[in-house]
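As they're listed, the protein sequences go chains A and B. If you read the first sequence in this note's numbering, its first letter stands for residue 24, the second for the next number, and so on. If you read the second sequence in this note's numbering, its first letter stands for residue 356, the second for the next number, and so on. Think of the CB as a built atom: it goes at the ideal place given N, C-alpha and C, for glycine as much as any other residue.
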Amino acid sequence: GQQVMQIPQYQHVQEGEDFTTYCNSSTTLSNIQWYKQRPGGHPVFLIQLVKSGEVKKQKRLTFQFGEAKKNSSLHITATQTTDVGTYFCAGPFGSNTGKLIFGQGTTLQVKP
Amino acid sequence: GAVVSQHPSRVICKSGTSVKIECRSLDFQATTMFWYRQFPKQSLMLMATSNEGSKATYEQGVEKDKFLINHASLTLSTLTVTSAHPEDSSFYICSASGQGVSNYGYTFGSGTRLTVV
Chain A
24 GQQVMQIPQY
34 QHVQEGEDFT
44 TYCNSSTTLS
54 NIQWYKQRPG
64 GHPVFLIQLV
74 KSGEVKKQKR
84 LTFQFGEAKK
94 NSSLHITATQ
104 TTDVGTYFCA
114 GPFGSNTGKL
124 IFGQGTTLQV
134 KP
Chain B
356 GAVVSQHPSR
366 VICKSGTSVK
376 IECRSLDFQA
386 TTMFWYRQFP
396 KQSLMLMATS
406 NEGSKATYEQ
416 GVEKDKFLIN
426 HASLTLSTLT
436 VTSAHPEDSS
446 FYICSASGQG
456 VSNYGYTFGS
466 GTRLTVV
């Protein structure tokens, strides 16, 4: 069945270091979404990528969608303690169902 | 922006009892709501999709008689965990899409942490 794999599962960085999480889908995706979940919280939508090779930036966060629309990455430059949380990628599941299939998530810990 | 309110945020119940979780869209009409469960340090697993006025569709392996979903109005969906057992303890989260909501991204409720003792 359709799968979305995300690595690494955990990442510990020193504040100021960069961080990247990678997402790979077993199928071509029409779009990919990224969510952030703070400890004890709920997922919050960050961004959606639609076009092949698309790159979007949100301040220190850079999101990329692969040319084949099967992989994506989130890169954070100069991490801060406020970046702590779990980052999930998610892609559409099925055809026009509105459902999302989530990656396993990457939990980021930032040491001050 | 779109807001989804979920209650209760935490509930502790005795084994064998039922628990109802509510999810309300506050400023838009949620034609579709999705219910997820999340175990500690794991990802979100889709349980079911509910469409206003029709029966919910459940994902493979989810017992529809145990997890009752009702979506009677465009602003309210409920999930009832019937005859709860300790293995049902989890974090349950709803998300919604619908009219008036940006097509980019889904809005999640704040989640309900269920503990069955």
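Are at least three pairs of beta-carbons, each pair with one atom in the stretch 459-469 of chain B and one in the stretch 373-389 of chain B, less than 8 Å apart? yes
Of the listed residues A:Gln-132, A:Glu-90, A:Pro-115, nearest to Glu-77 (chain A) (C-alpha basis): A:Glu-90
Simplified DSSP state of Glu-38 (chain A), which is helix, strand or coil: coil
Once DSSP output is grouped into helix, strand and coil, what is the label at Pro-395 (chain B)? coil
Residues near Ser-428 (chain B) in its chain [Cβ-Cβ closer than 8 Å; skip 5 each side]: Glu-407
Looking at the unbroken beta strand (DSSP E) that takes in Ser-360 (chain B), where does it start and where does it end? 359-362
Gly-117 (chain A): which of A:Thr-102, A:Thr-44, A:Ser-53 sits nearest, CA to CA? A:Ser-53
Return the CA-CA distance between Phe-111 (chain A) and Ser-370 (chain B), expressed in angstroms with no decimal places. 32 Å
Under 8 Å, with one C-beta from each stretch per pair, do the stretch 374-388 of chain B and the stretch 123-133 of chain A reach the 3-pair mark? no
Between Ser-450 (chain B) and chain A, is the shortest Cβ-Cβ distance under 9 Å, so that the two count as touching? yes
Three-state secondary structure (DSSP) at Thr-430 (chain B)? coil
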